[in-house]
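Just so you know, the sequences run in chain order A and B. Residue numbering for the first sequence follows this note's numbering, beginning at 1 and increasing consecutively. Residue numbering for the second sequence follows this note's numbering, beginning at 1001 and increasing consecutively. Accompanying notes for the structure given below.
Protein chains: 2
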Amino acid sequence: MDKRTKLIITAKRLFSEHGFYGTATARIAREAGVSNGILFHYFPTKDLLIKAMFFDVKDRLFDYSVGQVYKGATLKESIYTLWLAAVEFNLENANDFEFIRQFETSPFYRTETELEHRYVQLCLELIDKGIEEGQFKQIPAMLIFKSISAQVETTVRFLKMNNMVLDDVEFTHRLFEMAWDSLAK
Amino acid sequence: MDKRTKLIITAKRLFSEHGFYGTATARIAREAGVSNGILFHYFPTKDLLIKAMFFDVKDRLFDYSVGQVYKGATLKESIYTLWLAAVEFNLENANDFEFIRQFETSPFYRTETELEHRYVQLCLELIDKGIEEGQFKQIPAMLIFKSISAQVETTVRFLKMNNMVLDDVEFTHRLFEMAWDSLAK
DNA sequence: ATTAAAACTGACTAATCAGTCAATGGTATA
DNA sequence: TATACCATTGACTGATTAGTCAGTTTTAAT
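Written out as structure tokens, the structure is:
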């Protein structure tokens, strides 16, 4: 594994445990088993490290989930696939989940940054289509997206809090149906 | 206004703008117009300041909202009253909203801390009653509470993002109905 | 008026941290 | 072999910060 990746993985673990400012760059480098200087070679500032990590997580979520959506699926099926993939991904990558949660409520976060990413763009396109076709209620696509995202987060947090795994697909599926019903026409 | 209150208000503003660790205690004291030392007289450590602020916000939310629930109201009416009060409170107290958002995703936060508070306790009792009476779906009360809270947050964020105020009670009411429908039997 | 306790001040410090830099090692190309 | 260019190191620094403390002022009780 190259040092850049090592740094990102270690930083994610430490950030999710101790927060952005609770984690010194020197510590990230030490626990990643690389020198202090190399961190600033790859990420000129701590802020840029954090921003790079955000895109790293979204990229991996995109790769993990979008491939699972099969062609010819209905809209509901597609969104369920993305939903389930997101829940799985967040359960299996606890540090990514915690990192994103902290990032999105931190002063680093801007809506514009998020909109740049293809994962968000894809979701919004899908939802837009759903609104046009009259499958969703007539409310802004962004609100539907945020609402679904919030329910995914709630689901993941709940499953974690109760030490559940994804054997409980049925439970997770029920939660999806609830969220869907509230947004569908 | 006493200095303790001044400190809490100033800290909340600075924290919501620059984050917990982006804000120096010395700066809080300076902008509150008090000495550096007095901050540590009231709050021996920065961590305790942050924790005290959490309880301050929850207390004020409790005082603001619970009084509005009138006796003899149905369960749905009661919960709608609390919902609307929470949305109003968060819109009118932007710094409190941002502070809580950051706090709940920070390493300071623990579920146990939250459960100690009477606001959360009251909400859970109400939901428990609703489950017993068969008005809610058969899922854990905590999940219903977290789900509603997440929807309140989403609502507030959306209204703020679009510079809406609570003239749009109808819109907010629609969002409540959506959330309610997904949780009610 | 006296006393004691509490509120308050602000200069100070020990520790920490983000970022620098001069030097070294490795690798590829000509 | 010589040259050039990254990757890498780790000791170092200037700036910042949470928390201290010795002393002063205010408040309240007897």
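Just so you know, even glycine gets a beta-carbon here, dropped at the ideal spot from N, CA and C.
task: Work out the CA separation of A:THR45 and B:TRP1083 for me, nearest whole Å.
output: Taking the Cα positions, B:TRP1083 is about 42 Å away from A:THR45.
- request: Report the residue ranges of all alpha helix (DSSP H) runs contained in full by the region 117 to 177 of chain A; include only those spanning at least 4 residues, in chain order.
  value: As far as the region 117 to 177 of chain A is concerned, its whole alpha helix (DSSP H) runs of at least 4 residues are 118 to 132, 141 to 161.
- request: Enumerate, from N- to C-terminal direction, the unbroken beta strand (DSSP E) stretches of 3 or more residues contained entirely within the region 27 to 71 of chain A.
  value: Secondary structure in the region 27 to 71 of chain A: no beta strand (DSSP E) run of 3 residues or longer lies completely within the stretch.
message: With a threshold of 8 Å between beta-carbons, can A:LEU39 be considered close to chain B, or not?
response: By this cut-off, A:LEU39 is not an interface position.
query: Between B:THR1074 and A:SER147, is the Cβ-Cβ spacing less than 8 Å?
result: Not closer than 8 Å, so no.
field: C-beta contact flag for B:VAL1057 and B:VAL1156 at 8 Å
entry: Contact annotation: B:VAL1057 and B:VAL1156 have beta-carbon atoms that are not nearer than 8 Å.
field: Expected contact under 8 Å - CB spacing of B:PHE1108 and B:ILE1050 to nearest Å
entry: Contact flag correct, Cβ pair sits at about 6 Å.
message: So A:PHE158 contacts chain B; which residues on that side make the cut at Cβ distance below 7 Å?
response: Those are LEU1143, LYS1146, listed as they occur along chain B.
Backbone secondary structure at A:ALA11 - three-state DSSP: If DSSP states are grouped into helix, strand and coil, A:ALA11 belongs with the helices.
- request: Report yes or no: is there a C-beta of chain B within less than 8 Å of the C-beta of A:TYR80?
  value: No, because no Cβ of chain B sits closer than 8 Å to the Cβ of A:TYR80.
query: In terms of DSSP beta bridges, what is B:ALA1179 paired with?
result: B:ALA1179 is bridged by DSSP to nothing; it lacks a bridge partner.
- request: From the DSSP output, read off the bridge partner residues of A:ALA184.
  value: A:ALA184 is bridged to A:PHE136.
message: Going by DSSP in three states, A:THR81 sits in which element: helix, strand or coil?
response: Residue state, collapsed to three classes: helix.
- prompt: In whole angstroms, what separates the C-alpha of B:LEU1126 from that of B:GLN1068?
  reply: Cα to Cα, B:LEU1126 sits roughly 15 Å from B:GLN1068.
query: Taking 7 Å as the line, does the beta carbon of B:HIS1041 fall inside it for any heavy atom of the ligand SAM?
result: For the structure depicted, the ligand SAM is absent and the ligand set is empty, with no information on it obtainable.
field: Three-state class that DSSP yields for A:ALA24 in the structure shown
entry: In the displayed model, A:ALA24 falls within coil according to three-state DSSP, outside both helix and strand.
- prompt: Can you tell me the Cα-Cα spacing of B:TYR1021 and A:MET53, whole angstroms?
  reply: About 19 Å.
query: How do the region 87 to 106 of chain A and the region 1090 to 1107 of chain B stand: do at least 3 beta-carbon pairs fall below 8 Å, yes or no?
result: The region 87 to 106 of chain A is in contact with the region 1090 to 1107 of chain B.
message: Does the CB of B:TYR1021 have a neighbour CB from chain A at under 8 Å?
response: B:TYR1021 counts as touching chain A.
query: What are the start and end residues of the alpha helix (DSSP H) that includes A:ASN95?
result: Unbroken alpha helix (DSSP H) run through A:ASN95: 94 to 104.
message: Whole angstroms are fine: how far does the CA of A:TYR42 sit from the CA of A:ASP2?
response: Our two residues, A:ASP2 and A:TYR42, have alpha carbons roughly 11 Å apart in a direct line.
field: Contact set between B:GLU1153 and chain A, taken where Cβ atoms lie within less than 8 Å
entry: Within 8 Å Cβ-Cβ: ALA150.
task: Using a Cβ cut-off of 8 Å (strictly closer), state whether A:PRO107 contacts chain B.
output: The beta carbon of A:PRO107 falls within 8 Å of a beta carbon belonging to chain B, placing the residue at that interface.
query: Do the region 133 to 150 of chain A and the region 175 to 185 of chain A touch if we need at least three Cβ pairs shorter than 8 Å?
result: The region 133 to 150 of chain A vs the region 175 to 185 of chain A: in contact.
message: With distance defined between alpha-carbon atoms, name the residue in A:LEU7, A:ARG60, A:VAL66, A:ASP59 nearest to A:PHE40.
response: Checked all of A:LEU7, A:ARG60, A:VAL66, A:ASP59; the closest Cα to A:PHE40 is A:LEU7.
- prompt: Quick one: Cα of B:MET1178 to Cα of A:PHE145, how far?
  reply: Roughly 15 Å between the two C-alpha positions.
query: Assuming B:LEU1091 contacts B:LEU1159 under a Cβ cut-off of 8 Å, what Cβ separation, rounded to an integer in Å, is found between them?
result: Contact flag correct, Cβ pair sits at about 6 Å.
Interface partners of B:ALA1179 on chain A, CB under 7 Å: Correct list: SER182.
- request: Under 7 Å between beta-carbons, which chain A residues line up against B:ARG1101? List them in chain order, please.
  value: Listed along the chain, the chain A residues whose CB falls inside 7 Å of the CB of B:ARG1101 are THR105.
Neighbourhood of B:ARG1118 by C-beta, 7 Å cutoff - its chain only, sequence neighbours within 5 removed: The residues are PHE1062.
task: Identify the continuous alpha helix (DSSP H) that holds A:THR113 and give its terminal residues.
output: Note, A:THR113: alpha helix (DSSP H), 111 to 115.
message: Just verifying my parser: in three-state terms, what is the DSSP assignment at B:THR1074?
response: DSSP places B:THR1074 outside both helix and strand once states are collapsed to three, so it counts as coil.
- request: Under 8 Å between beta-carbons, which chain A residues line up against B:HIS1018? List them in chain order, please.
  value: Here the neighbours are PRO107.
- prompt: Beta-carbon separation of B:ASN1093 and B:SER1016 under 8 Å?
  reply: No, the pair does not count as a contact, with Cβ atoms beyond the cut-off.
- request: Using 10 angstroms around the beta-carbon of A:GLN121, count the other beta-carbons present and answer buried if the total reaches 16, otherwise exposed.
  value: By the neighbour-count rule (16 or more Cβ atoms within 10 Å), A:GLN121 is not buried but exposed.
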